[in-house]
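Input: a single structure, listed below in structure tokens.
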Amino acid sequence: MPPTNRQCNMRLRSSGFLRWSSLPAEIRHMNLNTIVDLQNPGWAALASVSKEWQGVIGAKNMAKLKLQSSSCLDGFGQVVRQRHLVRHIYLCIELPKYKCGLCQGRSLPGRLNGIDSVVSKAIAKVLTVLSTWETKGPLTLELNTTSSSDTEHWAKNIRFDDDHDADNQDLTLAESNWYDTKHRWVDGVQVKPPSFFAMQQVFGLIILEHSSSVSVTAVTSLMILILFRHHVERFTQPVYQDLHYQSMRRNRYYEDFDNASSSSQNLSLASLRLEQLSISFLINAEDFVAACREEWTWDHMQSIALAFQGSGKRYAGSINSLLLSIAKLALRMPKLETMVLWNGGRGNSCAFIYTRNKYYARVLWRGTWVMDICQEALEVWEAVVALYSLELKIGHERIQEIINSYGDAIHHINLPCEIIPPTSLWQMRIEGA
């Protein structure tokens, strides 16, 4: 006899909640990923529920480690079993508090005491731990410095430590009504810029004291973002003594250094071992090309992005010369799939973009102004494409949006590769708004 409706209803009411194990694996993983995305208070502790939960929640929690306080640095050495889960190490070094010259009643502020030692010891400590790690996959080491005094004086509108990764948020500052007449801030506007000496406390020199001889092979990417405001002397070379080029398949550089000649030589040599290279605000494409030698071959290079100098029709001759030179380099990059040369600033955004897939290759000029690529440069690019027996397509696209800053220029240029991380791009657009 089939059950009555009343019997069915009674069974449904008495069945209670479904057991977690009775849910399909796809549904369970969707729920766990929702927990990860929401990241409500205490979400990381849920990794201890079971191995299944640890596989999703624990992996996300350990994917990016932020090392800031001294206790974090001490605990970093105890990460052993979870090493294979770590994909990004963000070393944010806390600098000493300071007072500006105005607050001290002096015309010239003093240099931050102990800053060289603090930065050097923190980097050495992390590299010593990383020297015990084995290469298990992609691992990024990101460096930054910050002081709690940075926004207390002149630099209230500058971001120094920001984990913002979204690229679709409003370009507004969380707090923009600063009123500090001593430092010339009135209703969120700086009515008088700080002196050169005042800004040296924010952007000043750090001299790295390097004494470590450890060898690090686990790190595959070194990141120095625009959050890293200070100029660092003897920084690149000491780090490269510790990080093997062979293991660093992808390098991104974003900081603005003065010693372009030395940097271009070091980076051009390092590029021979890389699969991806993106350089912004460190050296320009002209310096990179000049540092390369005719006998070099980039056997591993798949993607390269460089910034070039000059924008507008009056620079068309020098840009065409660069396109010709860079095409000759591309002839010696057998695995190259993406090549980007870009330029941007207030009122301007433009890029030469080369892309290749299994069906065809394409060169594209995208910008706020029209560029006529010379026939000589196009012929060399046709020779590059001929290496793969592909057709070369040529295109032009016009950017119509208003460009208020470097950040806007990069955002609207819509490149096929990442030339600056979303966090830095968002930050640049906020500071330039």
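Going by full-length UniProt numbering, the first residue of the sequence shown is number 1, and it counts up by one from there.
Here a beta-carbon is modelled for each residue, glycine too, at the ideal position from N, C-alpha and C.
Keep in mind that this is a model prediction, so the values were computed, not measured.
query	result
Neighbourhood of arginine 184 by C-beta distance below 7 Å, restricted to the same chain and skipping five residues each side	Gln190, Val191, Lys192
Contact between the stretch 343-352 and the stretch 362-371 (3+ Cβ pairs under 8 Å)	yes
Uninterrupted alpha helix (DSSP H) stretches inside the stretch 110-159 (no shorter than 4 residues)	115-130
Inter-stretch contact (C-beta, 8 Å, three-pair minimum) for the stretch 322-339 and the stretch 297-313	yes
DSSP state of valine 219 mapped onto helix, strand, coil	coil
Residue-chain proximity (tryptophan 296, chain B), Cβ-Cβ < 8 Å	Annotation note: the requested chain B is absent from the structure, which comprises a single protein chain.
Every unbroken beta strand (DSSP E) inside the stretch 69-109 [3 residues or more]	88-94
Which residues DSSP lists as bridging lysine 66, in chain order	Tyr90
Contact check, serine 271 vs cysteine 417, beta carbons under 8 Å	no
Neighbourhood of serine 148 by C-beta distance below 7 Å, restricted to the same chain and skipping five residues each side	Lys97
Leucine 329 - containing alpha helix (DSSP H), residue span	316-330
Range covered by the beta strand (DSSP E) that runs through phenylalanine 352	348-356
Isoleucine 402 vs isoleucine 413 beta-carbon contact at 8 Å	no
Spatial neighbours of alanine 63 in its chain, beta-carbon cut-off 6 Å, leaving aside the 5 residues before and after	Arg87
Collapsed DSSP secondary structure at isoleucine 399 in the structure displayed	coil
When Val214, Asp287, Glu294, Ser280 are compared against isoleucine 224, the one with the closest alpha-carbon	Ser280
Pair within 8 Å by beta-carbon distance, alanine 285 and leucine 341	yes
Nearest-angstrom beta carbon gap, valine 119 and isoleucine 206 [assumed within contact, 8 Å]	5 Å
Closest by C-alpha distance to alanine 361, when choosing among Leu336, Ala377, Ser268, Asn343	Leu336
CA nearest to the CA of glutamate 376, picked from Ser405, Glu134, Thr338, Ile319	Ile319
Residue interval of the alpha helix (DSSP H) (run including tryptophan 381)	375-386
Burial state of glutamine 276, where buried means 16 or more other Cβ atoms lie within 10 Å	buried
Inter-residue spacing [alpha-carbon to alpha-carbon] between asparagine 429 and serine 22	Note on identity: in this sequence residue 429 is arginine, with asparagine being the wrong assignment. Cα to Cα, the separation comes out at about 48 Å.
Beta-carbon spacing of histidine 153, cysteine 100 below 8 Å	yes
Methionine 371 and alanine 316 closer than 8 Å at C-beta	yes
Top-ranked residue by Cα proximity to alanine 198, from Cys103, Cys72, Lys393	Cys103
Opposing strand residues paired with glutamine 190 [DSSP bridges]	Trp185
Backbone secondary structure at glutamate 209 - three-state DSSP	coil
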